[in-house]
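Worksheet: the structure to be examined is printed underneath.
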Amino acid sequence: MFNIDVQNSSGDIYNIINNIYLSPSKESDDYIKKEIQEKLKIQNRIDYLEVIKNNFPENDIFPRDKIIKEIMAFFENNNQLVIYGKPGSGKTTTIYILSLNFKNTVYVSLKNKTTKSLLQYLINKIRMYNKFELLTINNEDEGLKILESELKSISDFIFFIDDCEYSDNFINNLIELHKFNNKFLYSSRNKNYQQIEKYKIPLLEENEIKRFLDFYKVKFTDLLLIKIINISEGNPLYLYYFAKFQIEPLPKNIELYQENLWAKIDSELQSILIFIANSFNPIKIDILLKAFNITQNKKLNLLQFIQKIDKISSFINNINDGYYEIFHSYFREFIINHLISSGIIDYYKKILGEIFIEEKLYIDATYLLIDKYPEKIINYTYPILNYLEKIGELDLGIKILKKKIEISKNNIDLGFAYHHLSHFYKMNGIREDAYNHIDKALLFLKDDNSKESTDLILASNAMKVTYLMEDGRINEGNLILDEIISKVGNKEDYYSAIIYINLSKIYLDTNQYKKSVDYSSKAYRIFDKLDCYKEIKISLVNLISGLNQIDELDLAKDYADKLIDLIKDKNEFMIEASLLNSLTSIYRRKKEYNKAKEFCQKAIQLANKKGFKDKIVLNLLNLGNIYRDEQNFGKAEEIYQEGIILAKEQNYIKELTRGYRLLSKIYNYQKEYNKSIEFADKAIYEGNKNNFYLDTGYAYREKAESFYLINEIDNSIINYQKASNCFEKTDNIYLSINCLFKSINILNKMDRYGESNIILDKVIELIISKDDLYEDIINFVKQYKNIDIIYHKFILLIRRYLDSDCKLNIITIFIHILDFSKNNISTVGKKLLLEINDLLLLNLEKHYLSSVFFAIFIEQSNNLLSIEDIEEYIKKIQKIKKGIYYRITSSYQAILTFKLNNNISIQIITFIDEIISFKLSFELMILLLFKADIIFDKIKDLKEKNCNIYVFQYNDELKEFIPENNFSSDAPVIFTNKKEWGLSEYAIINSKYEEYSNLNNNPENKANLWFIMNVFYKIYNHFTHSQIKENKEVRKIILSEIAFLFNLTSIENPLDKKEYEIDINKLIELFN
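The following block contains the structure:
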């Protein structure tokens, strides 16, 4: 899903990248953010080569001309080299001397640095040179790609990477990068690096040792020189110690020399060196002063303390004006090992760690206290994880969380810790531990009843869903998603919006685009209200991607165009890449292929510039699709092949699978069916092995089509069914059904109806299981060749619908059933109508829309139902609702009298020999009995208790008073105006009403809606003694509620603003 680095939220809830945590101390979190920023500023400002130069004055460096000449000669024809040697052999000194021979130099040591922070430093040194905005990177892989891309922009630089033994694997990865016109020199104690030349820094020979001592003006006798040669073995660090600090008798090796030196340093100065050695980062002088005064029980001021510092200047480096580190890594190792063997290291760590806490340097404190004193940092360990993830210190993050688990005593603390431990294991590539620990998190959180645990359960479940989806366990993931959604509901707080944005990404990744759009638009609106700049961007990117997939192309394009302009030159690579992909797809769908190619090529250029080869592959395949759509199959094949080669080189299995199945499609288009099957099989092999069900499904479909075209029918049907199974696993029911439907068509053409009916049964079951697919069932039901089977399938469908919780208005299905009934009136038509009506009658009180479907079924029945049938239904309704009376007068008037819940009496008068009027009167009674709230909920003060409504047909006698041209197909009913309140209402029905209102012949007509709407308006007027046309708001609400009953929600509906339109003005303001 996109990484959301949230820094502020409601209450104490924060977000580490994709994951929620609770911070017990908001103040500590604020200081941690400040601390992180300060460290990043310091890190990017430091020129480590200048630090070396400051500690190796030019007149204090012993020249080793032979080594320098040999290395310089090597670099004339090569661009990278490893130099290696024992501790103190002079590797760093060699780097310094070499640096004097180059104009553009960058130096960095891996000592006390993560690989991520080192990469970030190198990248930003290049960007500072180019005067570009500085970058932060998410992980080592991304950093390597970006560094390779940045190296293209410079030439004639040399990069010195020191202390490589701290991460040999990383150095091997760095060695593999293309260096272009730049050079890299790696310095290490080891030589086990692959595919690179190595140069051993030799120890000093006898004549060099003598020159070394002369250089440093050391007086010596011949006997002393012999001793020095034998004991030092030519180690420059030993000789450096001897030159600076002469000790008699000579220590036998460099380790003993360091012990002797240490013993000669007084305890006060030792304490300063101890604190410097124990600090993970360079330590500031005022922190040192405070630590010194505490341990030595002194009250030195800064000036006095600087005088102390000067006495040990040979053992320390002054970095960046007031930050100190031990001058040589080997001497620092000696100090740490000495403290460990003496058993006093924890004492110094505790003192320095507590000072760091006091100074609100929580990250530095964590390094010191996590092993022995975790309780001292427990209140702010979670915010620290944010920083550790940024710098790539995942192992330390895991250690912190394990300590948290050790000392936690309640379920919620354990749940929080396991939640984050799962995330850190996932980031570290340890999938099994990640999966196990998210389950442990949920286990502990479910045993806690606090609000915080309830919130985190949702976040942990969202994390688990991503794991399940990655493993192809779609159905399991969807079950948990449903649970998350039911718990979040429609809340509009910051926390819920974070869940929404994660849901939108999950649904994007699982091709459930409508749901993705729903959640990303909802998240956007919440973040917009809360002025959450970062989150607004991410939710908008997800929204654009989703809108594109549901064919809201113009809206998606509008948002994408605006956002891509806003982020121009703002170093928003991931967002820009996503937008370019979206714009490519949008223009491709709009068939504007030149524009699509333009944006796709920009996406390739951007990915190439950043060194993201996976994105290059993705966009090459996208570009191939554009050429395929243009029918330029040769060019498409060429580009697909290029993408496949790169995917193989980089082991991008998902894109390799996609590339194979796209090639299969191209060969199918070009009628090379055997080659199409060959590449479909390649895609299927990779897809099945890695649970890539969507691409595997497409590959099976290509294979099925090729088999069909070479007349291997049974193989074709088998592969269509396999494709259907794959699509079903990804919840792509449309695609699944489509493949089954192709099988049915093939079987029907061969008169194999028994087999096709079995597949058709599965299709219908799939459709019934999905609320949003009910509308598609008619086309499938009609594929059955047997009328009795169709009859039973319709009954099954309606029964399932009425028994389910489905809220979908399926009026169009009822209209199709009516159409079938009318066309088969001589066989099962009327029987079907009567049986479905009976099902609706049984559910009038249970299902919200049963009364509506029943009423419309009556109104639309034409010659399927007679007067006698309607009278039978009146009797059945009388058994369901009390207070309904029906009688026929001597003048053939049919009178329906009934009471509503508020003791209002309604009487509808029609004529028994006017079947259209009789059906409309019965329909009106049903809707008033069950939907009268549409009117009376809007009335506070009833002016009447009774209402008479006359419904009769237009005839020759009325022509004298009402010209026939007053009727139209849109308004086939005329309502009379009355002179005073309390009089009856009259509805006059055009003789062509049935023709105008027939939804089978004209599905878009609104004749019946016109009738019901106007009767409801008249009733409102009658009981309020007012004109509804003067109350536009009430009129619109009543209309929208009636229109919903007819599934016509767009008619003058005040709520009919486009569902996914959002206001991006806030985003523009935030950018500008």
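With positions in the sequence shown counted from 1, the corresponding number in my numbering is that position plus 72. Where a beta carbon is used, it is the ideal one built from N, C-alpha and C, also for glycine. These figures come from a predicted structure and were not determined experimentally.
- Under the 10 Å beta carbon count, S414 is surrounded by fewer than 16 other beta carbons and is classified as exposed.
- Inclusion of S796 and S808 in the CB contact set at 8 Å is warranted, their separation being smaller than that value.
- Counting C-beta pairs with one atom in each stretch, the stretch 410-424 and the stretch 444-458 have three or more that are closer than 8 Å, which means they touch.
- DSSP, reduced to helix, strand and coil, places I319 outside both helices and strands of the structure shown, so it counts as coil.
- Where F764 is concerned, there is no enclosing alpha helix (DSSP H), because DSSP gives it neither an H nor an E.
- Looking at the DSSP output, C1019 sits in a beta bridge with I978.
- The secondary-structure analysis by DSSP pairs V180 across a beta bridge with I233.
- K1017 places its beta carbon 8 Å or farther from that of I980.
- Straight-line spacing of the CA atoms in I388 and I348 works out to 8 Å.
- DSSP, reduced to helix, strand and coil, places S259 within a strand of the structure shown.
- Within the model, the alpha-carbon separation for I1007 versus M997 is close to 14 Å.
- Per DSSP, the beta bridge partners of Q1025 are I1061.
- Less than 8 Å separates the beta-carbon of I273 from that of I139.
- Contact between N332 and I319 holds, since their C-beta atoms are separated by about 5 Å, short of 8 Å.
- Each residue's CA atom was taken as its position, placing I502 and N704 some 44 Å apart.
- Close CB contacts of S989 within its chain, under the 8 Å cut and outside five residues either way in sequence, are with T982, F983, V1023, F1024, Q1025 and I1061 (chain order).
- When Cβ pairs closer than 8 Å are counted between the two stretches, the stretch 661-668 is seen to touch the stretch 686-706, the count reaching three or more.
- Assignment of E800 by DSSP, reduced to helix, strand and coil, places it in the helix class.
- Residue nearest to L690 within the set C672, K707 and D228 is C672 (criterion: CA-CA distance).
- Taking each of S386, I407 and H410 in turn and checking the Cα distance to F399, the smallest one comes out for S386.
- Here N574 is buried: its Cβ has 16 or more other Cβ atoms, across all protein chains shown, within 10 Å.
- The shortest CA-to-CA distance from L1014 to any of N1077, S933 and S1098 is the one to S1098.
- In the three-state scheme derived from DSSP, where H, G and I count as helix and E and B as strand, V589 is classed as helix.
- L309 sits buried, since 16 or more C-beta atoms from the chains shown fall within 10 Å of its C-beta.
- Within the stretch 400-426, the complete alpha helix (DSSP H) segments at least 4 residues long are 401-414, listed from N- to C-terminus.
- DSSP, read as helix, strand or coil, puts T969 in strand.
- Counting C-beta pairs with one atom in each stretch, the stretch 905-914 and the stretch 1063-1082 have fewer than three that are closer than 8 Å, which means they do not touch.
- Listed in chain order, the beta strand (DSSP E) runs fully inside the stretch 1041-1102 are 1045-1047 and 1057-1061, counting runs of at least 3 residues.
- Each of Y724, L728 and N763 was checked against the Cα of Q713, and the nearest Cα belongs to L728.
- If you look at K270, you'll find it in the beta strand (DSSP E) that goes K270 to K272.
- Put simply, the backbone Cα of N858 is about 11 Å away from that of V900.
- Here DSSP, grouped into helix, strand and coil, assigns R661 to helix.
- Of the candidates Q584, R597 and C604, Q584 places its Cα closest to the Cα of I622.
- In the structure shown, Y920 adopts coil according to DSSP, grouped into three states.
- The Cβ neighbour count for N241, taken over all protein chains shown within 10 Å, is under 16; the residue is labelled exposed.
- Looking only at N909, N1103, W334 and S938, the smallest Cα-Cα distance to V924 is reached by N909.
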